[in-house]
Amino acid sequence: MARQLKQLYEFGAFRLDSAERLLLRNGQPLPLTPKAYETLLALVEGSGHVLEKDDLLKRVWPDTFVEEATLAQNVFTLRKVLGDTAEGHQYIETVPKRGYRFVAAVKEVGGPAETSHPGVLEPAVRRRGRRALPLAAVAVVAALLAVAYFARERLGFKHSPPAGRVMLAVLPFENLTGDTEQEYFSDGLTEEMITQLGRMHPERLGVIARTSAMQYKQTKKTIAQIVRELGVDYLLEGSVRRAGDRVRISAQLIQVRDQTHVWAENYERDMRDVLVLQDEVARAITQEIRIKLTPQEQARLTSPRPINPEAYEAYLKGRYFWNKRTEEGYKKAIEYLQRAIEKEPGYAEAYAGLADSYALLGSLNTATLPRKEAMTRATAAALRALESDDTAAEVHTSLAFVKMQYEWDWAGAEVEFRRAILLNPNYPTAHHWYAYYLIAQQRTEEALREIRHAQELDPLSVIINTDVGEVLCYARQYDDAIEQSRKALEIDPDFILAHRVLGWAYEQKHMYTESVTELKKAMSLSGSRSDILGALGHVYAISGQKSAALEVLAELRRSAARNHDISADIAIVYAGVGDKDRAFEWLEKAYQERSAALVLLKVLPLLDPLHSDPRFADLLRRVGLPTLKLSP
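Numbering (numbering that gives the first Met the number 0), first residue to last: 0 to 631.
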């Protein structure tokens with residue numbers, strides 16, 4: 000009889016026997032397929048450390064190419080066997096975009112194992128004393144248990160989705176092409192999946208918006224951290240590969256309360272069928288979390304159209320540059336979106352993107368494209384999109400934005416905002432911009448409700464968090480505005496508009512030194528934004544620094560010759576120094592320019608000294624805003 004060392008690992012009630020390739024619980028063998036066993040052994044041996052997905056794939060399937068979804072299914076199986084529960088992960092933790100970590104305490108036991116060799120007899124007394132099952136019998140029992148276990152899974156004993164409204168986050172799809180130039184494709188596919196899922200029975204399914212989801216691109220955060228930040232029930236993660244006109248997607252759905260992979264699948268399609276692929280993923284997810292779709296939603300999923308691959312690629316590039324939120328980004332977006340429309344006439348989503356790009360470009364007072372021309376093109380693009388598809392919330396939102404910001408068609412804007420929210424209650428931009436409509440009308444409680452809802456859908460969006468603070472300023476809730484602006488700066492300490500709102504709120508609290516500090520910080524980050532310079536001039540004026548205010552006025556008037564939509568900022572400084580005639584003179588110029596600033600004419604605190612003047616009521620009437628409600 001010879002002796003050899005066998006490796007035993009103990010964790011909780013389990014023992015992993017590397018010699019016999021067995022997992023036992025309280026001495027009883029548990030069912031594991033060979034690959035599931037290899038996965039568990041790798042995780043246990045690396046206990047406490049993150050095992051990257053690629054490393055696990057190479058170890059468990061050294062000579063075979065398999066998708067990540069197969070690995071995810073193995074982990075799902077292991078969690079079921081180990082009994083990881085909704086109360087928390089005792090054993091296997093998912094590290095999104097990276098891999099897995101075995102988190103239970105592992106005791107490594109190395110001991111002499113006696114093995115019989117041919118021709119050597121084991122003492123009878125030892126054989127009788129051990130009372131162990133022969134190895135063949137153990138294997139049979141394990142196989143039977145495995146059959147029973149997987150039969151149980153197939154017979155419908157599935158996870159239980161949470162009651163009530165379910166919240167889902169789509170983590171950025173990983174670009175596996177190895178080409179950084181393809182990032183626009185993986186980012187675009189992520190955004191398209193968010194949009195698609197956001198339309199799926201929104202009363203039952205809430206989807207975290209793109210801005211927050213993209214914060215986790217190449218993240219090293221654990222699922223527990225992500226859940227704390229987003230407050231979701233499920234995570235969808237995946238990867239994408241492209242090769243010529245073929246696209247391959249691996250996707251997996253994780254229930255976060257116990258980190259179980261409740262669904263995983265691989266897809267490969269021709270680029271023409273990429274919309275079909277997106278619909279298949281969306282349908283699979285709604286089935287897994289037991290969401291019953293309406294006939295209209297089912298019809299949308301069962302009739303996707305093929306699309307010109309070049310048009311789709313140009314559309315994704317357009318949206319990629321639009322999301323940069325810069326003048327140069329908008330111009331590049333317009334170029335790509337127009338190319339998409341040339342390749343695919345009637346492409347509603349591309350027209351919607353074009354409307355968004357022109358609308359936001361027209362809102363920049365430093366843009367080279369005149370505001371009137373930009374807004375006219377935005378309206379035309381939105382109307383063209385509606386001709387092709389009037390069910391897209393994004394299009395109605397863009398049209399509402401132009402009607403509010405430029406046309407001052409308040410009734411028409413509200414119709415479009417309401418239509419957008421009805422079509423997709425999960426679209427945060429509709430709630431975000433509608434909040435500005437409502438606060439402009441002094442419908443304060445409704446405005447706060449809408450902006451908070453946008454924040455719920457996009458909790459890590461720095462602009463939405465900042466604009467919660469801005470709406471609180473317009474509601475004259477300055478302490479809350481200060482607190483919220485600080486929260487926005489926790490997300491991005493250099494976000495210009497958050498410093499601006501904080502400066503406004505400090506001024507209204509008569510904290511002039513703090514106000515100047517914040518506005519100067521915003522100026523240093525932005526260069527010379529006229530709205531920030533105007534706010535700085537105003538606080539100089541009301542804090543008794545008149546000469547500094549006049550210097551600001553001189554600088555703004557010089558800028559007015561180079562840029563557009565600055566007149567309202569000049570009026571704000573004149574209001575601060577108490578020159579009402581000059582203030583109204585520049586407000587009249589802002590009216591002739593159809594300045595975006597006049598949308599908030601009624602609620603901007605910096606213009607409060609002008610409210611009692613009859614000229615203010617006349618200006619409100621011409622902008623189309625109702626009679627001013629005086630603050631108590």
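By construction, the Cβ of each residue, glycine as well, lies at the ideal position given by its N, Cα and C atoms.
With a 10 Å radius around its C-beta and 16 neighbouring C-beta atoms as the bar for buried, classify residue i as buried or exposed.
| i | result |
| --- | --- |
| Lys106 | exposed |
| Glu236 | buried |
| Pro427 | buried |
| Gln404 | buried |
| Lys57 | exposed |
| Lys402 | buried |
| Gly526 | exposed |
| Val108 | exposed |
| Gly82 | exposed |
| Glu327 | exposed |
| Arg528 | buried |
| Thr179 | exposed |
| Glu190 | buried |
| Arg324 | exposed |
| Ser611 | exposed |
| Arg198 | buried |
| Ser546 | exposed |
| Leu15 | buried |
| Thr468 | Residue identity check: residue 468 is Gly in the sequence provided, not Thr. Under this definition Gly468 is a buried residue. |
| Glu592 | buried |
| His509 | exposed |
| Thr93 | buried |
In angstroms with no decimal places, state the Cα-to-Cα distance between residue i and residue j.
| i | j | result |
| --- | --- | --- |
| Phe10 | Phe172 | 34 Å |
| Ala283 | Arg289 | 10 Å |
| Gly345 | Asp269 | 21 Å |
| Val394 | Ala354 | 8 Å |
| Ala474 | Thr443 | 6 Å |
| Asp408 | Gly623 | 8 Å |
| Phe184 | Glu312 | 7 Å |
| Pro117 | Ala242 | Residue confidence for Pro117 is low, a pLDDT of 34 falling below 50, so the modelled location carries little weight; the figure read from the coordinates is stated next. Taking the straight line from one Cα to the other gives about 55 Å. |
| Ala351 | His48 | 46 Å |
| Ala677 | Leu518 | Shown here, the chain extends from 0 to 631; a query on residue 677 therefore has no answer. |
| Arg614 | Leu586 | 10 Å |
| Glu482 | Arg499 | 14 Å |
| Gly361 | Leu42 | 54 Å |
| Asp53 | Phe400 | 46 Å |
| Trp321 | Arg376 | 16 Å |
| Gln89 | Ala168 | 24 Å |
| Leu274 | Leu597 | 41 Å |
| Gly502 | Thr516 | 8 Å |
| Ser558 | Val572 | 14 Å |
| Glu86 | Val255 | Note that Glu86 scores 47 on pLDDT, short of 50, meaning its location in the model is unreliable and no value can be drawn from it. |
| Val74 | Leu456 | 30 Å |
My output table needs one value for residue i: the three-state DSSP class, helix, strand or coil.
| i | result |
| --- | --- |
| Asn73 | helix |
| Gly98 | strand |
| Pro201 | coil |
| Leu167 | strand |
| Glu343 | coil |
| Glu92 | strand |
| Val467 | helix |
| Lys545 | helix |
| Arg240 | strand |
| Thr641 | One cannot answer for residue 641 here, as it falls past the ends of the chain, which runs 0 to 631. |
| Arg247 | strand |
| Ala349 | helix |
| Asp269 | strand |
| Asp53 | helix |
| Thr698 | The question about residue 698 has no answer, for the chain in this structure spans 0 to 631. |
| Phe13 | strand |
| Val602 | coil |
Pop quiz: residue i and residue j are said to be a contact at Cβ under 8 Å. What is the actual Cβ separation, rounded to whole angstroms?
| i | j | result |
| --- | --- | --- |
| Ala347 | Tyr314 | At roughly 10 Å, the Cβ-Cβ gap does not stay under 8 Å, so Ala347 and Tyr314 are not in contact. |
| Glu445 | His430 | Between His430 and Glu445 the Cβ distance is about 11 Å, and since that is not below 8 Å, they are no contact. |
| Gln454 | Ile463 | 5 Å |
| Ala384 | Ala391 | 7 Å |
| Gly187 | Arg271 | That belief does not hold up - the Cβ atoms of Gly187 and Arg271 are roughly 16 Å apart, past 8 Å. |
| Leu524 | Val551 | The Cβ separation is near 17 Å, so there is no contact. |
| Ser484 | Ala497 | 5 Å |
Legend entry - Contact between the segment 432–439 and the segment 213–225 (3+ Cβ pairs under 8 Å): no
Legend entry - Validate contact between the segment 352–370 and the segment 561–575 using beta carbons, cut 8 Å, 3 pairs: yes
Inset, instruction - Taking 8 Å as the threshold, find out whether the segment 579–588 comes into contact with the segment 538–546 through three or more Cβ pairs. - result: no
Legend entry - Meets three-Cβ-pair contact criterion under 8 Å: the segment 201–208 and the segment 408–427: yes
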